[in-house]
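Each remark here refers to the structure printed beneath this line.
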Ligand code: FES
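Residue numbers (the numbering used here): 1161 to 1500.
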């Protein structure tokens, strides 16, 4: 069991890496504020300098590292396992500390439901209560799939131990092929979580904006459900934008309609970028890019809102730039985890 010592600016800390944990997951499990977002090798937030020791790299070509990083010998903590004791250098931050300690646990597949032509909700049940914050994700080890996959929960924490994930089928995707075509009720997977920083904030009175694209629907549905359940919408409004390519990609209303604030405090804006592609569906809603509709609806009042978003990287990049550069929405009011 290798020990890992972090040499930080202030105090040094150390922790142990157990079993098949990566350096990152071991650190977060130990309560350390190790910088991260995606846990999947894409965002580059978990880069570290290795001062001493030897690691196994799980995905050496992970896009989270630039060529310059590689030349400098930097590594991604979410894509490394310690082979020996390590000394590493990072700058930890309390904002990265897990509020709920991530745990690995087996879970059984208990059911699924089609949401659109290519998104399905998959439900699993574990023996322990499901502890997470609305908007977070978990890492699934699915038998027959070569590496773990991160998916966001669409439901809320619960005593029954249920974890629900809305997954978009990826053509030729190994994990989605297993989920969509081979999973049978009673099959067991492993769930490790919760992870993620874009969780619902309850410490302010600002109106809420959720923007989802594609399979980014799940965490935004969870945020909306959480805001409703926690009574945040008695005084606040929630604006929910959902962008798809064609009308048959559009969903979201089904989940919002059942919330008591729908149509009163919850406002739904579906947007499609290619309305003419679904012959037979007479699209009467907004067209174009979802960020343009956010701008049209909220305009110059954007700095007054608390933003959550999830979706394809071009959408999240554009939104981030529009909000933080274009409209000067304070950094603390913008919540998203970058996946690539
Ligand atoms: Fe490691 Fe994103 S690359 S957390």
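Glycine included, C-beta positions come from ideal geometry on N, C-alpha and C.
Residues near residue 1407 by beta carbon distance below 6 angstroms, same chain, minus five either side = Against the chain shown, residue 1407 aligns to sequence position 247. Same-chain partners within the cutoff: 1432, 1438, 1441 and 1443.
Per DSSP, which one or two residues make a beta bridge with residue 1462?
-> Here residue 1462 refers to the residue found at position 302 when the chain shown is read from its first residue. Beta-bridge pairing links residue 1462 to no other residue.
Please determine, among 1211, 1282 and 1412, the residue with the shortest C-alpha to C-alpha distance to residue 1372.
-> Counting from 1 along the chain shown, the entry for residue 1372 is found at position 212. Of the listed residues, the one whose Cα sits closest to residue 1372 is 1412.
Would DSSP call residue 1499 helix, strand or coil?
-> As a working note, residue 1499 is residue 339 in the chain shown. Coil, per DSSP.
In this structure, what does DSSP give as the bridge partners for residue 1310?
-> Start at 1 with the first residue of the chain shown, and residue 1310 comes out as number 150. According to DSSP, residue 1310 bridges with 1299.
CB of residue 1247 within 9 angstroms of CB of residue 1300, strictly | Counted from its first residue, the chain shown places residue 1247 at position 87. Counted from its first residue, the chain shown places residue 1300 at position 140. No, these two residues do not count as a Cβ contact at 9 angstroms.
Report yes if the C-beta of residue 1237 is less than 8 angstroms from at least one heavy atom of ligand 1; otherwise report no.
-> Position 77 of the chain shown holds residue 1237. Yes, ligand 1 has a heavy atom inside 8 angstroms of this Cβ.
Give the secondary structure of residue 1246 by DSSP, where H, G and I count as helix, E and B as strand, and everything else as coil.
-> As a position in the chain shown, residue 1246 is number 86, starting the count at 1. Residue state, collapsed to three classes: strand.
DSSP three-state call for residue 1378: helix, strand or coil?
-> Indexing the chain shown from 1 puts residue 1378 at position 218. Here residue 1378 sits in helix by DSSP.
Taking 8 angstroms as the cut-off, is the CB of residue 1353 close to at least one heavy atom of ligand 1?
-> Sequence index remark: in the chain shown, residue 1353 carries index 193 (1-based). Checking every heavy atom of ligand 1 against the Cβ of residue 1353, none is found closer than 8 angstroms.
Is the closest heavy atom of ligand 1 to the C-beta of residue 1188 under 8 angstroms?
-> Position 28 of the chain shown, counting from 1, holds the residue named residue 1188. No, the beta carbon of residue 1188 sits no closer than 8 angstroms to any heavy atom of ligand 1.
Give the straight-line distance between the Cα atoms of residue 1396 and residue 1377, rounded to the nearest whole angstrom.
-> Start at 1 with the first residue of the chain shown, and residue 1396 comes out as number 236. Start at 1 with the first residue of the chain shown, and residue 1377 comes out as number 217. So the two alpha carbons sit approximately 21 angstroms from each other.
Alpha-carbon to alpha-carbon, residue 1296 and residue 1359 | Numbered from 1 along the chain shown, position 199 holds the residue referred to as residue 1359. Numbered from 1 along the chain shown, position 136 holds the residue referred to as residue 1296. Approximately 6 angstroms between the Cα atoms of the pair.
8 angstroms contact criterion, which residue 1469 and residue 1499 should meet: CB distance rounded = Taking the chain shown and counting its residues from 1, the one referred to as residue 1469 is at position 309. Taking the chain shown and counting its residues from 1, the one referred to as residue 1499 is at position 339. Not a contact, Cβ separation roughly 12 angstroms.
Reducing DSSP to helix, strand and coil, say where residue 1399 ends up.
-> Position 239 of the chain shown, counted from the start, is the residue given in the question as residue 1399. Here residue 1399 sits in strand by DSSP.
In angstroms, rounded to a whole number, what distance separates the CA positions of residue 1214 and residue 1294?
-> Your numbering for residue 1214 matches position 54 in the chain shown. Your numbering for residue 1294 matches position 134 in the chain shown. Cα to Cα, the separation comes out at about 37 angstroms.
Assign residue 1313 to buried or exposed, taking buried as 16 or more other Cβ atoms, counted over all protein chains shown, within 10 Å of its Cβ.
-> Taking the first residue of the chain shown as position 1, residue 1313 is located at position 153. It is buried - the Cβ of residue 1313 has at least 16 other Cβ atoms within 10 Å.
Residue 1187 versus residue 1173 - alpha carbon distance = Taking the first residue of the chain shown as 1, we reach residue 1187 at position 27. Taking the first residue of the chain shown as 1, we reach residue 1173 at position 13. Approximately 10 angstroms, taken between the alpha carbons.
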